[in-house]
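Residue numbers (UniProt numbering): 1 to 315.
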Ligand code: ADP
């Protein structure tokens, strides 16, 4: 979709996207869109397909099936190349370069380089421009890598586990820096993370993947408020009839105590204690229940054969 000023409303649009390595699909039937301006967490267990998805958006991995567009430009073409910056997990920097030389390389490689932004990021960490990259701490190296990424003035910044190697203090500092710069430049951010605390504090959108498929997509608040956590006493075996009427993501019974994570369809009848679940409860519920139907909020849903089938199944 294109708005009146010609800018795409969607930073990322995947339709039936797939990637196969030999005989195994790492990503399959993946259809989702991420609105421009979002700070989107890409979450899921190890091997879920997060790096493969980021790699396809960053043009490092070629899709096997479907289509993928970044700000309306197909990743298979050459237009929009400079729109995306990708920070991989190993944050490749030359250890023998000084910070200043690292930024100079960024400037020489990128026609729309923003030296002021890159220097601001470095200096706000009280880093010396003369320091050698190899002598920096993990947090400081992340700062230099972010300076390089934001210096490119990307419209979309892809980050693969940006906080994984950082201690909690450095993760907090780098997370704050990332959000401030993204807001300042109006950058859309898609970051993979297995740390739910990072996602909960930083991201306004979420795409959860498991086994190469999308399980949840949408605004975090909207996803949370679509679910209820229901607890109570249940004396007989099996699912209580008044709960079974709703979409049950996960349920368990310990003795007479029954708990379920549901997507309510209308009022929940009966004598149940009802609460809104937290992000961790919702994510874990979907990861533990591969058969639970995926939820994509209206904003993130995009037509594909797969989603149409899902909708017909839910109707
Ligand atoms: P995540 O980032 O969520 O941990 P990945 O995208 O790295 O997941 O991997 C998804 C699946 O694809 C895994 O089963 C992984 O083993 C497989 N895979 C990833 N990259 C390759 C590759 N280059 N060759 C073969 N299999 C791969």
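For every residue, glycine included, the Cβ atom is placed at its ideal position computed from N, Cα and C. Computed from a predicted structure; not experimentally measured.
- Message: What does DSSP give as the partner residue(s) for residue 21 in the beta ladder?
- Response: 24
- Given residue 263, which residues of its chain have a CB within under 7 Å of its CB, disregarding the five upstream and five downstream residues? 226, 227, 246, 247, 249, 295
- residue 41 Cβ short of 6 Å to the ligand ADP heavy atom set: no
- Between the region 98-113 and the region 50-64, do at least 3 Cβ pairs fall closer than 8 Å? no
- Message: Am I right that residue 212 and residue 272 are in contact with their C-beta atoms under 8 Å? What's the rounded C-beta distance?
- Response: With 8 Å as the limit, residue 212 and residue 272 do not qualify as a contact, their Cβ atoms being about 35 Å apart.
- Query: Quick check: the region 195-206 against the region 44-51, are there 3 or more CB pairs under 8 Å?
  - Reply: no
- Run the proximity test for residue 208: is its beta-carbon closer than 6 Å to any non-hydrogen atom belonging to the ligand ADP? no
- Message: My assumption, with CB atoms under 8 Å, is that residue 217 sits in contact with residue 224. Please give the rounded CB distance.
- Response: Wrong, their Cβ atoms sit about 13 Å apart, outside the cutoff.
- Message: Among the candidates 150, 24, 17, whose CA atom is the shortest distance from the CA of residue 53?
- Response: 17
- Message: Measuring alpha carbon to alpha carbon, tell me which residue in 221, 222, 83, 240 is nearest residue 230.
- Response: 240
- Message: Is residue 52 a contact residue of the ligand ADP, with contact defined as CB to any heavy atom under 6 Å?
- Response: yes
- Item | Alpha-carbon spacing of residue 299 relative to residue 32, whole angstroms | 9 Å
- Evaluate contact between the region 144-163 and the region 79-93, counting only Cβ atoms and requiring at least three cross-stretch pairs below 8 Å. yes
- Measure the beta-carbon distance from residue 297 to residue 219 and round it to whole angstroms, keeping in mind my assumption that it falls under 8 Å. 6 Å
- Message: the ligand ADP and residue 286: does any heavy atom of the ligand fall closer than 6 Å to the residue's C-beta?
- Response: no
- Task: In the DSSP assignment, find the unbroken alpha helix (DSSP H) run with residue 99 in it and report its ends.
- Result: 99-109
- DSSP bridge partner residues for residue 263 (one or two, in chain order): 247
- Task: Could you tell me the distance, in whole angstroms, from the CA atom of residue 253 to the CA atom of residue 184?
- Result: 48 Å
- Can you list, in chain order, the residues of its chain whose CB lies under 6 Å from that of residue 4, leaving out five sequence neighbours each side? With a pLDDT of 47 at residue 4, under the threshold of 50, the predicted position of this residue should be treated as unreliable, though the coordinate-derived value follows. If we look at residue 4 and ignore the five residues flanking it on each side, it has no Cβ neighbours.
- Between the C-alpha atoms of residue 172 and residue 85, what's the straight-line distance to the nearest angstrom? 22 Å
- Task: Report buried or exposed for residue 314, applying the criterion of at least 16 other Cβ atoms within 10 angstroms of its Cβ.
- Result: Low confidence applies to residue 314: its pLDDT is 44, below 50, so where it sits in the model is not reliable, and the reading given next is rough at best. The residue is exposed, with fewer than 16 neighbouring Cβ atoms inside 10 Å.
- Item | Nearest candidate by alpha-carbon position, reference residue 29, set 137, 235, 209, 256 | 209
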